[in-house]
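Here's the structure we're looking at; comments come further down.
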Amino acid sequence: MMGATALAMTTERDVEIAAAIRDRTHHRALALMTRELGPALGRFCAAILGDRAEAEEAAQDALIEALRAMSGFRGESAVRTWLFAIARRICFRRLRRRRRREALFHVVSATELPSPDSPLDEAARTELYRRLQQALEALPFEDRELLALRYQADLTYEEAAEVCGISPDAARKRASRAFAVLRDRLGGVP
Numbered sequence: 728m729m730g731a732t733a734l735a736m737t738t739e740r741d742v743e744i745a746a747a748i749r750d751r752t753h754h755r756a757l758a759l760m761t762r763e764l765g766p767a768l769g770r771f772c773a774a775i776l777g778d779r780a781e782a783e784e785a786a787q788d789a790l791i792e793a794l795r796a797m798s799g800f801r802g803e804s805a806v807r808t809w810l811f812a813i814a815r816r817i818c819f820r821r822l823r824r825r826r827r828r829e830a831l832f833h834v835v836s837a838t839e840l841p842s843p844d845s846p847l848d849e850a851a852r853t854e855l856y857r858r859l860q861q862a863l864e865a866l867p868f869e870d871r872e873l874l875a876l877r878y879q880a881d882l883t884y885e886e887a888a889e890v891c892g893i894s895p896d897a898a899r900k901r902a903s904r905a906f907a908v909l910r911d912r913l914g915g916v917p
């Protein structure tokens, strides 16, 4: 049952949804949440993720996760708060995955490769990019993370070190070692 404090902060919609959850009519609760809270949930996810399609997926994931978790809903918070907390976790999980993907696979973007006017033809650029991606993926995660923070996110060594929980000197040494490994694997290219 909902506590008095949580109840005071709810709307009629929340009370109706909470009643459906309490009555174990979970599909009805899901339908109500989708109708009453879905648009705001989608806007929230879009504001966090910055991508409408991904936001729609995240909002759907939040509703599905809420459906799965309904039997554990204790009513200690408003349904709206509970649902948006689920959406927040999903959005941040997606952001972490996105950042990880970008850090791992896009440390050197295609714009940093030689231009089409250079002596390297398209096939050579594609091959160089493929080899670079393989070399980066072979680095330990900590090295890839540091290079991504430093060169993709444009953080200083001091800032990247703080994110990684190491000293700036350790960050510089780690980056230097990583570049040496990349040079060896790519035959002196970087």
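Take 728 as the starting number for the sequence shown in the working numbering and just add one per residue.
By construction, the Cβ of each residue, glycine as well, lies at the ideal position given by its N, Cα and C atoms.
Cβ neighbours of residue i in the same chain (closer than 8 Å, five flanking residues each side left out)
{"i": "ILE813", "result": "ALA789, GLU792, ALA793, ALA796"}
Spatial distance of residue i from residue j (CA atoms)
{"i": "ARG820", "j": "GLY914", "result": "37 Å"}
{"i": "ARG899", "j": "GLY777", "result": "33 Å"}
{"i": "ARG850", "j": "LEU859", "result": "Checking the displayed sequence, the identity of residue 850 turns out to be Ala instead of Arg. Cα to Cα, the separation comes out at about 14 Å."}
{"i": "CYS772", "j": "PRO766", "result": "10 Å"}
{"i": "ARG901", "j": "ARG912", "result": "17 Å"}
{"i": "GLU885", "j": "LEU874", "result": "13 Å"}
{"i": "ALA786", "j": "ASP896", "result": "42 Å"}
{"i": "THR838", "j": "ALA865", "result": "Its pLDDT being 45, under 50, THR838 is placed unreliably in this model, and the coordinates cannot settle the point."}
{"i": "SER903", "j": "ARG779", "result": "39 Å"}
{"i": "ARG751", "j": "THR761", "result": "17 Å"}
{"i": "ARG815", "j": "HIS754", "result": "22 Å"}
{"i": "ARG857", "j": "ARG824", "result": "21 Å"}
Where the alpha helix (DSSP H) through residue i begins and ends
{"i": "LEU757", "result": "753 to 776"}
{"i": "GLU784", "result": "779 to 796"}
{"i": "ALA745", "result": "739 to 749"}
8 Å contact criterion, which residue i and residue j should meet: CB distance rounded
{"i": "LEU764", "j": "LEU810", "result": "6 Å"}
{"i": "ILE775", "j": "CYS818", "result": "4 Å"}
{"i": "ASP870", "j": "ALA905", "result": "4 Å"}
{"i": "GLU743", "j": "LEU759", "result": "6 Å"}
{"i": "ALA888", "j": "SER894", "result": "6 Å"}
{"i": "GLY799", "j": "ALA745", "result": "Contact doesn't hold; Cβ gap of about 14 Å is too wide."}
Beta-carbon proximity list for residue i, same chain, < 6 Å, skipping 5 on both sides
{"i": "ASP741", "result": "ALA805, VAL806, ARG807"}
CB contact check: residue i to chain B, cutoff 9 Å
{"i": "ARG795", "result": "The structure shown contains no chain B; it is built from a single protein chain."}
Own chain residues within Cβ distance below 7 Å of residue i, not counting five before or after
{"i": "GLU739", "result": "none"}
{"i": "GLU783", "result": "GLY769"}
{"i": "ARG877", "result": "TYR884, ALA887, ALA902"}
{"i": "GLU781", "result": "ARG821"}
key: Runs of beta strand (DSSP E) lying entirely within the segment 846 to 909, each at least 3 residues, in chain order   = none
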